[in-house]
Structures are given as C-alpha cells and as structure tokens.
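In full-length UniProt numbering, the protein residues as written are 1 to 188. A virtual CB, placed ideally from N, CA and C, is assigned to each residue, including glycine. None of these values were measured; they are calculated from a predicted model.
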C-alpha cells in the first residue's frame with residue numbers, strides 16, 4: 001500500500017464514521033463517486049502540472065462520465081474534500097479548495113468571465129457548501145463558513161459566516177466557533 005492510497009483510505013474511514021448509510025469503509029473507498037472522482041482528479045492534476053493537458057482532460061472526462069462530478073484538472077484540491085451525492089458538481093480550473101470541505105450535489109464553482117488568470121472561487125478549510133449552490137468568480141469563502149442550498153455567491157464570505165439566498169447575503173457571522181471536532185464534523 002502506498003502513501004497515496006493511505007490518504008484515500010483515511011478519507012474513506014472518516015466518511016464511513018459519519019455516514020449512516022455506509023456499511024464499511026471499503027464500500028466508501030471502492031464505490032462512492034466522491035472518492036472515485038477525487039482519485040481521478042489527483043492523477044489528472046499531476047498530468048496537468050506536467051503540461052500533459054490532453055491526457056489530464058481525458059482522465060477528468062472519464063471520471064465525469066462515471067461519477068457525474070466534473071473537476072477541471074487544473075483545480076487545486078486538498079486531500080480531505082468530501083463531495084456528497086456528487087452528481088452535477090462542477091469545479092473550475094482555477095478553483096482552490098481547502099481541507100475538510102463538504103460539497104453537496106449540484107454545486108458549481110465557476111467563473112464569471114473567461115479572462116486568463118484566477119477566475120474561480122477559493123474555498124478555505126472547514127467549509128460546507130449546500131446542494132445547488134453557485135459560487136462564481138475570484139471570490140474567497142472564509143474558513144468555517146456555510147453556504148446555504150441554492151445560494152448564488154458573487155462576493156467574498158468572511159470566516160465563521162453563513163450565506164444564503166439569491167444573491168447570497170450573510171445571515172450569521174461569528175467571531176469564532178468551537179473547532180475541537182473539526183477533523184470530522186464538517187464532512188457530513
């Protein structure tokens with residue numbers, strides 16, 4: 001077993017501990033679309049960084065066809081991201097996603113315009129993004145924040161905040177939360 005496999009097994013075990021519908025971490029590791037898409041993205045991202053753009057896009061396209069999760073090979077994702085019920089998730093080329101982020105189905109991390117450079121959202125650590133949320137442009141979602149289902153986010157969201165609505169507005173902002181259980185609590 002390689003160190004690369006260890007990180008996927010760790011994520012599968014964390015998901016298994018928190019997902020009441022999972023029957024084993026092996027089930028999560030082998031069958032969950034999130035793990036499949038993230039593993040494919042890790043390989044595609046390596047190729048993308050080496051300039052093998054065609055091969056990278058080919059891997060990401062095959063993963064999209066199998067899982068319904070579209071992650072551009074240029075996107076930067078931490079090791080511990082969970083995409084729950086991932087169908088319809090789209091993550092653009094210049095998106096950056098921190099650790100212990102949960103993304104529900106139908107979420108888009110997209111661009112507003114097609115100009116070169118950073119044009120997709122940055123999602124900091126310990127963020128939860130509700131189903132169908134759309135985050136557009138070079139914005140930052142602060143750590144320990146929550147984005148409500150169906151929200152359309154076009155501006156930065158401060159840390160420890162909750163944003164909802166169309167367009168999104170901040171409805172809760174805290175100075176700090178209890179982060180003692182951060183490793184697993186935001187994953188499900």
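- Helix, strand or coil: how does DSSP classify residue 28 here? helix
- For residue 118, the three-state DSSP class (helix, strand or coil): In the three-state reduction of the DSSP assignment, residue 118 falls in the coil class, being assigned neither a helical nor a strand state.
- Could you have a look at residue 59 and say whether DSSP puts it in helix, strand or coil? In the structure shown, residue 59 sits in a helix (DSSP, three-state: H, G or I).
- Query: What distance in whole Å lies between the Cβ atoms of residue 36 and residue 25, which are believed to be in contact at a cut-off of 8 Å?
  - Reply: The C-beta distance from residue 25 to residue 36 rounds to 15 Å, too long to fall under 8 Å, and the pair is not in contact.
- Could you pull out every residue in the same chain whose Cβ sits closer than 6 Å to the Cβ of residue 146, ignoring the five residues on either side in sequence? 128 and 162
- Item | Chain-order list of residues whose beta-carbon lies under 7 Å from that of residue 93 (same chain, five-residue window excluded) | 72, 74, 75 and 120
- Task: Kindly indicate which residue of 140, 115 and 154 has the alpha-carbon position closest to the one of residue 160.
- Result: 140
- Figure out for me which residue from 45, 51 and 49 has the closest Cα to the Cα of residue 60. Residue 60 has its Cα closest to that of 45, out of 45, 51 and 49.
- Message: If you reduce the DSSP assignment to three classes, tell me which class residue 99 lands in.
- Response: Correct three-state label for residue 99: coil.
- Message: If I measure Cβ to Cβ from residue 174 and keep anything under 6 Å in the same chain, skipping five residues before and after, which residues do I get?
- Response: Result list for residue 174: 160, in chain order.
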